[in-house]
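Residue numbers (mature numbering (1 follows the signal peptide of the UniProt record, and there is no 0)): -28 to -1, 1 to 539.
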Amino acid sequence: MKHRWQLAATILAFPLVQLLLNVNSSFANISNCGMCVCDRYTLTCDFEKAQDKLTGSVHLGKLIPTQSELEALNLQSNSFEELYVNCKNTPKMTEQRLSRDLLARFSNLKKVIIVRCDLRTIDPDALEGLSRLEEFDASDNSLRQLPDRMFGRLTMKQVKLSENRELQLNNSLAFEGVTLRQLILSKCQLTEFPTFALLKIQGLKELTLSENQISLVPSAAQPLVTRLTVFYLDGNPLQCTCANRWLRESVSWELVSPAAMRKSKLPTCKSPFNLMDIELTKIEPSRFLCPPPRIASVDLQLGQDSASLSCLADRREDGSPLDWFFDSSRLPIHSGFAFQRLVRRVANLDSQRLAVRVADSAGQSAQLNLTIIWPPPQPPQPPQPPLPTLPLPGEAPSGGDAAIPEKPTGRRGGSAAASDNDKQFTLLEMIIAVIGTFMSTSLIFMLSCQFVRWYKRRDKKLWATYVHQHQLPHPQQHQPLPQHPHQAPYSATYSYNTHQPSSHEYDVPRIDQPCLPKPPPPSQTLPSGMGVGGNGVGGGSGCGGSSMSSSDREFLDFNNPRLMYNV
């Protein structure tokens, strides 16, 4: 009995503690929905078996015991070498970030396993305090990007990041500086071989890329792949073409991809159709053919007597160049993916047929036939006199050549002719033009009317001056008719008012007492060029009394001066 008690005491001396629901401690409050086990140097928080016991949301930090909780159980955090956290049956995680605060207290950890915890982000310094870390497993999470130099300059045995279906490793620097032996990236939905990221790893010997979506392994990865002792590429839709031919010729798949549990791990072909689902090792390298070349684009710039032809072919998967043949040439005239040629017009031909062929090293080719229809020839133009040479800016013109002035430019640049052709009026300019045209037209019309009025008044004034100068007699004096051709037939006495209103500069002096002579008897004959027209004399008392009646009118004829009334 005594030996049995000593054996039990010896067992309890080891840090073997199991924390269940009925443990009365602060750590029990953390694990009241699951189970955390401290087994020697391993701290295991496995919630896979705690179904229907986890309620609400869970913070990732609550699944890993703190320093104070471990000290309550007389446990030191730096005494653990392994940390295992499985969040399979936990409810929705409220914190999906792995930070340094969660792992810094476990400074002696050699293995960190955090799986099924829906991790999305890892801080750049999350593993900074773990100088003895050898294995890191973050499988079955939701990681998208890995921080640069995540592992620093550690020397590690294994890194496992499988089943992170959103992981992107293109141009990633996550593995820069680390020395790593084994990397597992299976079931990550990778579409491209992570050549750039893998070349940053030093000492990589085992690589697993099973069940991804990789179809092409570039030849740049050949130095890396040939150094591997274990290489799994099964479950990927590989293209068994010339681009992947080196995988068949340079890799010993029977050695680097051994069978696992009686199941072959050798990669198989997905395309072409005649090689589908055939293992890579069972296909001869000569059957890894590239698809025939294809002319992707053609550009033809047609001129009057020549044409510029440009062709572009699809790039080869293996990067091998293509040979171009033009017309009936038997030897290639150019090598590459692009082809350019200047085609000259053959005299007296309206159309010309050409053939362009591109071929690869395996003899596969594609041909393009063209028919060029040349434009009709233009009539010969008369010779133009040579233009004098313009001096360069800053140079004086030569002695015999006259300097040619520069063409006037418009307000927006370019020549004056181009400016007139390209000028476009805005709506504001059009409105201003219409208003300006209307105002100028109105002004011209008003000036014209004023000129006509002035002209008429000037003629009236001239006629009144003529009558006053010739002293025409009063019609009651009954003087005989003058016989001189320039003497007026009648005389009348006029009095003028010298006052002129200030508003009319050209007003004719008003006749205050117009005394119009009566028409001569019918028996009298007027001199040549003079005459009186009318139907008779209206009422009135002549010169001495009242003025003429409202029916009397006075007309002045300026071409043949005469006095007419009662018209």
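Using N, Cα and C, we set each Cβ at its ideal position, and we do this for glycine too.
Residue i bridges to which residues according to DSSP?
i: I94; result: L70
i: S282; result: D271 and Q312
i: V189; result: Note: V189 sits in no beta bridge, so no partner.
i: D18; result: N58
i: L340; result: V328
i: M65; result: V30
i: T180; result: I156 and Y204
i: W296; result: H306 and V330
i: E107; result: K83 and Q130
i: C89; result: DSSP output for C89 lists no bridge partner at all.
i: Q174; result: T151
Rounding to the nearest angstrom, what Cα-Cα distance links residue i and residue j in this structure?
i: K254; j: L238; result: 10 Å
i: N216; j: R104; result: 40 Å
i: P264; j: Q356; result: 54 Å
i: L155; j: S224; result: 19 Å
i: R425; j: K433; result: 12 Å
i: L281; j: F311; result: 8 Å
i: L179; j: V131; result: 10 Å
i: R92; j: Q68; result: 6 Å
i: T240; j: R325; result: 47 Å
i: M402; j: T413; result: 17 Å
i: G408; j: L415; result: 11 Å
i: A389; j: S420; result: Residue placement at A389 is flagged as unreliable, the pLDDT there being 48, under the threshold of 50; the coordinate-derived value follows with that caveat. In a straight line, the C-alpha of A389 is about 37 Å away from that of S420.
i: R121; j: R313; result: 51 Å
i: N320; j: G275; result: 16 Å
i: K129; j: F147; result: 13 Å
i: P304; j: D322; result: 28 Å
i: R317; j: S337; result: 27 Å
i: L188; j: W218; result: 11 Å
i: residue 540; j: Q140; result: Residue 540 lies beyond the range of the chain shown here (-28 to 539); nothing can be said about it.
i: F397; j: F417; result: 28 Å
i: D277; j: P348; result: 10 Å
i: L(-10); j: I250; result: Note that L(-10) scores 39 on pLDDT, short of 50, meaning its location in the model is unreliable; the coordinates nonetheless yield the value given after this. Cα to Cα, the separation comes out at about 53 Å.
i: Q39; j: E106; result: 23 Å
Give me the residue from the options with the minimum Cα distance to residue i.
i: I85; options: V197, E53 and R329; result: E53
i: S134; options: K82, D112, A310 and L145; result: D112
i: P209; options: P195, T127 and L181; result: L181
i: G335; options: P293, D120 and L118; result: P293
i: L102; options: T62, M248, P119 and L126; result: L126
i: V330; options: P351, L91 and R302; result: R302
i: V197; options: F168, Q211, C214 and G207; result: F168
i: L284; options: W218, L340 and Q211; result: L340
i: N46; options: L342, C10 and E67; result: C10
i: G228; options: W218, Q276, I250 and K177; result: First, the residue type needs correcting, since residue 228 is Val and not Gly in the sequence shown. Considering only alpha carbons, the answer is K177.
i: L157; options: R121, Q194, E401 and F203; result: F203
i: M248; options: I267, M233 and Q211; result: Q211
i: V30; options: L205, S79 and K64; result: K64
i: A192; options: F165, C214, T201 and L205; result: F165
i: C89; options: N136, F423, N80 and A76; result: N136
i: I94; options: S114, A76 and L118; result: L118
i: S114; options: L70, P347 and L35; result: L70
i: D183; options: T201, W435, L99 and D206; result: Here residue 183 is Glu; the residue named in the question, Asp, does not match the sequence. That would be D206, whose Cα lies nearest to the Cα of E183.
i: G33; options: R234, R77, Q276 and L145; result: R77
i: P96; options: S269, L145, V318 and I250; result: L145
i: N58; options: S40, C8, L99 and D73; result: C8
i: L171; options: T213, G124, G149 and K159; result: G149
i: D73; options: L399, I36 and F417; result: I36
i: T14; options: A98, Q48 and P347; result: Q48
i: P309; options: R234, W346 and I267; result: Here residue 309 turns out to be Phe, not Pro, going by the sequence shown. When each option's Cα is compared against that of F309, the closest is I267.
Which same chain residues end up closer than 7 Å to residue i when comparing Cβ atoms and leaving out the 5 residues on each side of it in sequence?
i: R220; result: L252, I255, P257 and F260
i: A279; result: L272, Q273, V315 and I344
Take residue i and list the residues in its own chain whose beta-carbon comes closer than 8 Å to its own, dropping the five residues that flank it on each side.
i: D332; result: C262, P264, P265, R288, S292, L294 and D295
i: A231; result: K237
i: S300; result: A327
i: I(-18); result: Reliability fails at I(-18), whose pLDDT of 28 lies under 50, so the model's placement of it is uncertain and the value that follows must be treated cautiously. Nothing listed; no residue qualifies.
i: S307; result: P293, L294, D295 and W296
i: Q185; result: Q161, L162, T163, N208 and P209
i: S222; result: Q194, V197 and T198
i: Q81; result: In the sequence on display, residue 81 carries Leu and not Gln. Cβ neighbours of L81 beyond the five flanking positions: F52, E53, E54, L55, L75, L102, R104 and L105.
Tell me which same chain residues have a C-beta within less than 6 Å of the C-beta of residue i, skipping the five on either side of it?
i: Q174; result: T151
i: S79; result: N50 and G101
i: D109; result: I85 and K132
i: Y56; result: T16 and I85
i: S269; result: L284
i: K159; result: S134, E135 and E183
9 Å is my cut-off, CB to CB: does residue i come that close to chain D?
i: S307; result: Within the model displayed, chain D is absent; a lone protein chain is all it includes.
Scan the segment 111 to 164 and note each continuous beta strand (DSSP E) run of 3 residues or more that stays entirely inside, going in chain order.
127 to 132 and 151 to 156
With a floor of 4 residues, list each alpha helix (DSSP H) that falls wholly inside the segment 198 to 276, ordered by position along the chain.
217 to 222 and 225 to 228
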